[in-house]
Amino acid sequence: FFLMYRASQTLSKSSALFSSYVRQASHFIPPMRDGGISGLQYLKVSRTASQVFYIEPNNPPVNALRSEMLSDFEKVAEQFEKNPPRCIVMRCDVAGANIKEMQKQTPEQSEAYANRAKAAFRKLQTSGAPIIGFTTKFAIGGGLELLMHSDIRYSGPKALIQAPEVELDTYQSFGGTYLLPRFLGSSLALRAQLRSDRITLDQAVQHGLITEVVNDPDPNATVAKAFDDAMMIARKKPSVVQKNVQMVRFSTTGDAEEVCKQESKGFGETFEGGALGMRRFLEKYRLEEWGRSDNKVIHGEFKSLGIDTTQINSFLDVVQSADEDKAVNAIFLCGDVSGGDIKKLYKALTETPAQFSEFLEKEYLWHEMMRNHTNTPLFYFGGKILGGGGLGVFNSCKYKICRPETTFVMPEIELGACPDVAGTYDLARLGSVGRGMAVGAIDLNGNEAKEFGLADYLVSGDRMEHLKETLLDSIVEEDSVPVEEILQEFSIATEAPRHSKEEFDSIFGVDFSLREVIQNIKNGKDKENSLAQRAYEKMSKASSYGIVLSDIMNTAGKDMELKAARALEYEVWTNMDKSDFKESIHSRFILPRKERKNPSFAHPNIFEISDSDLENLQSDIQHLVDSVKGKVEGTEQLLFSSLE
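Here the sequence shown stands for residues 1 to 644, numbered as in full-length UniProt numbering.
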């Protein structure tokens with residue numbers, strides 16, 4: 001705890017680091033606000049919107065510990081007991097205690113001072129919040145002891161770690177004589193203390209004194225690493241985090257039998273109110289509450305590529321409950337979703353058709369509620385893929401955000417069906433691009449989705465979590481930067497699409513008949529990496545019934561209102577010929593993996609079908625669509641009357 005740092009080495013001021021943040025910087029520091037703890041002299045306390053509190057010693061040039069700083073630690077600890085943080089980040093760049101102050105103390109005073117320091121450091125732990133400590137320059141003497149009171153410990157590549165108290169004819173007394181041996185073992189700890197040796201970072205990591213060395217010379221990299229952990233921890237259920245932290249701390253000092261007993265007791269307590277986390281895991285989604293209990297964002301993540309009725313019902317409740325709860329100010333959604341759960345849909349269709357219809361009804365209700373019947377802003381953060389029903393969820397959100405590598409696709413022609421979840425409405429408004437997606441199952445990447453109007457914002461994948469944290473600040477804090485401004489600042493420029501709008505027009509132009517589209521594709525299919533070649537590869541393996549149906553529905557959707565388009569899709573999906581639909585799912589997904597094959601569809605390949613057969617198929621499907629249009633108004637009532 002004593003000052004043993006060369007006078008020529010000084011601590012650079014870091015106060016400006018948290019007074020503002022640079023969103024485009026390589027090392028992300030979340031927006032910081034005043035911690036709300038008054039009367040501090042030698043500590044600075046800030047917080048994030050996610051209730052991560054940052055403690056920073058403020059006694060330049062080397063942050064020497066002094067009695068007033070201990071008073072500050074006591075005040076902070078008392079406040080944390082009353083209002084526990086989600087996580088604590090603590091800078092431990094401290095080069096020991098204030099020698100000028102301590103050298104005047106009597107034995108009794110120095111004993112009391114040591115007891116006070118230990119009590120202050122340990123009291124920080126009473127809130128139950130995990131403490132992430134870090135050093136970018138030095139953790140010497142008392143600074144090392146402060147660092148060792150942290151649960152997770154990071155270091156920059158040039159940090160100096162040392163316990164040199166014997167050079168002043170005393171020894172560590174802020175916890176060092178029992179904490180350092182826990183990490184290094186008694187032998188190495190004693191040698192480091194008695195020789196005043198610098199503890200190498202390799203040695204510190206090897207023995208767990210340092211969790212990880214952040215090998216970046218920029219000190220902000222170490223700070224950012226600490227906050228990356230803190231942001232992730234702050235998103236977990238606070239009561240569970242606290243119990244986990246308390247048990248790990250107790251395990252280092254408690255009786256083994258009592259540790260086991262308390263572990264089981266605490267584990268049982270996490271089941272109070274129902275094992276919701278486990279239920280959601282089995283149902284393949286996760287919910288988290290970010291921010292304060294009285295001012296928060298709900299974060300929902302889909303954990304399965306296929307959505308089923310159980311998930312839909314759960315998220316219907318989430319959206320409805322958010323509207324009724326004044327504390328919820330937004331919903332963040334994310335996850336890779338390629339469509340409905342194909343296997344469950346097949347089982348419902350073949351065994352209990354009513355459940356197939358129920359799935360569609362619930363899905364349409366959910367999407368319509370999100371899009372037009374909620375006051376809670378919804379954000380979707382696209383990941384790797386959004387297809388079918390996943391794209392329907394994306395389109396139902398107010399803020400549609402993707403990354404360059406996100407894949408958008410409507411693959412229904414491969415199943416002998418047409419785009420649903422308002423694909424009839426949404427794709428029809430993308431012109432030739434939407435027709436290409438519907439009829440040719442052409443996928444778009446994130447750049448193209450933004451360029452052609454399917455997505456609102458394009459954000460680099462490695463900045464997506466940073467964006468969420470910054471948006472959280474905007475949503476739950478007063479005097480914050482507007483959401484739209486943040487989204488613009490995080491957005492990146494689009495790159496040139498693989499295929500221009502003109503190329504889409506030349507193949508899928510809205511004035512072309514389906515027969516002409518097919519001929520356009522045939523004419524260009526041999527050109528390497530062309531749009532025609534991609535369309536040919538998709539459509540040659542797809543159901544001709546699905547292709548024709550998708551084209552007819554795409555045309556119908558141009559002049560329909562959204563609810564009417566949803567109702568028409570519902571009627572078509574419940575009344576269409578499902579022979580190809582069942583065959584495709586059975587051949588590609590139901591059969592044992594080794595027996596899976598290309599499906600045998602009822603109609604010839606779209607590129608081989610005769611003109612007369614194509615005309616007959618178009619006539620039959622057009623008749624089907626026309627026959628159910630008269631039911632649209634009644635179906636709207638069936639699907640959406642509960643929203644009125």
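Where a beta carbon is used, it is the ideal one built from N, C-alpha and C, also for glycine.
Tell whether a beta-carbon distance below 7 Å holds between residue i and residue j.
| i | j | result |
| --- | --- | --- |
| Ile307 | Val337 | yes |
| Asn98 | Arg66 | yes |
| Ser587 | Lys597 | yes |
| Asp580 | Ser550 | no |
| Tyr364 | Leu639 | yes |
| Phe394 | Cys334 | no |
| Ser127 | Glu56 | no |
| Gln488 | Val548 | no |
| Ile161 | Ala204 | yes |
| Cys402 | Ala455 | yes |
| Gly387 | Pro411 | yes |
| Val625 | Ile552 | yes |
| Leu360 | Tyr545 | no |
Here's the rule: buried if 16 or more other CB atoms are within 10 angstroms of the residue's CB, otherwise exposed. What is residue i?
| i | result |
| --- | --- |
| Cys260 | exposed |
| His623 | exposed |
| Ala565 | buried |
| Phe73 | buried |
| Ser627 | exposed |
| Ser321 | exposed |
| Met4 | Reliability fails at Met4, whose pLDDT of 33 lies under 50, so the model's placement of it is uncertain and no value is given. |
| Thr135 | buried |
| Ala119 | exposed |
| Ala16 | Unreliable placement is indicated for Ala16, whose pLDDT of 34 sits below 50; no coordinate value is reported for it. |
| Gly300 | buried |
| Met148 | buried |
| Ser281 | Correcting the residue identity first, residue 281 is Phe in this sequence and not Ser. Classification of Phe281: exposed, given that the 10 Å Cβ count is below 16. |
| Arg86 | buried |
| Val510 | exposed |
How many Å lie between residue i and residue j at the Cα?
| i | j | result |
| --- | --- | --- |
| Ser506 | Leu531 | 10 Å |
| Pro107 | Met464 | 55 Å |
| Pro482 | Met437 | 34 Å |
| Lys347 | Glu288 | 32 Å |
| Arg292 | Ala330 | 13 Å |
| Tyr265 | Ala275 | Here residue 265 turns out to be Lys, not Tyr, going by the sequence shown. If you take the alpha carbons of Lys265 and Ala275, they lie about 15 Å apart. |
| Lys400 | Ser187 | 58 Å |
| Glu478 | Asn244 | 32 Å |
| Ser150 | Ile210 | 10 Å |
| Ala449 | Phe508 | 17 Å |
| Met90 | Gly383 | 32 Å |
| Val328 | His373 | 16 Å |
| Val166 | Ser196 | 7 Å |
| Met102 | Ala64 | 11 Å |
| Asn445 | Ser500 | 13 Å |
| Gly141 | Ile233 | 29 Å |
| Gly175 | Glu145 | 6 Å |
Going along the chain, which residues of its own chain have a beta-carbon closer than 6 Å to the beta-carbon of residue i, five neighbours each way excluded?
| i | result |
| --- | --- |
| Ala192 | Ala163, Ile199 |
| Leu180 | Ala189 |
| Ser460 | Ile492 |
| residue 678 | Residue 678 lies beyond the stretch modelled for the chain, which goes from 1 to 644, so this question has no answer here. |
| Lys225 | Tyr154, Val214 |
Among the options, which has the Cα closest to the Cα of residue i?
| i | options | result |
| --- | --- | --- |
| Asp218 | Ser46, Ile401, His27 | His27 |
| Thr270 | Gly392, Pro238, Ile475 | Pro238 |
| Val45 | Pro60, Ile88, Pro30 | Ile88 |
| Phe589 | Arg371, Ile342, Arg566 | Ile342 |
| Phe601 | Gly416, Lys501, Ser612, Glu528 | Gly416 |
| Ile621 | Gly388, Ile37, Arg593, Asn575 | Asn575 |
| Lys158 | Tyr285, Glu502, Asp216, His207 | Asp216 |
| Arg79 | Asp93, Phe408, Leu124, Leu316 | Before going further, note that residue 79 is Gln rather than Arg in the sequence given. Comparing Cα positions, the closest option is Leu124. |
| Pro60 | Val94, Ser38, Cys402 | Val94 |
| Ser314 | Glu283, Met369, Gly340, Val572 | Glu283 |
| Phe121 | Lys104, Gly156, Gln109, Lys75 | Lys75 |
Ignore the nearest five residues each way along the sequence and tell me which others in residue i's own chain have a CB closer than 7 Å to its CB.
| i | result |
| --- | --- |
| Ala428 | Gly434, Asn554, Gly557, Lys558 |
| Asn375 | Asp323 |
| Glu495 | Asn447 |
| Lys422 | Correcting the residue type first, residue 422 is Ala in the shown sequence and not Lys. If we look at Ala422 and ignore the five residues flanking it on each side, its Cβ neighbours are His367, Gly392, Asn395, Leu562, Ala565, Arg566. |
| Asp325 | none |
By Cβ distance, which residues of its chain are closer than 8 Å to residue i, with the 5 residues on each side in sequence left out?
| i | result |
| --- | --- |
| Lys538 | Ile413, Glu414, Gly440, Ala441, Ile442 |
| Gln262 | Met247, Phe250, Gly254 |
| Ser641 | none |
| Pro30 | Tyr21, Thr48, Ala49, Ser50, Val52, Phe227, Met231, His466, Glu469, Thr470, Asp473 |
| Thr252 | Arg182 |
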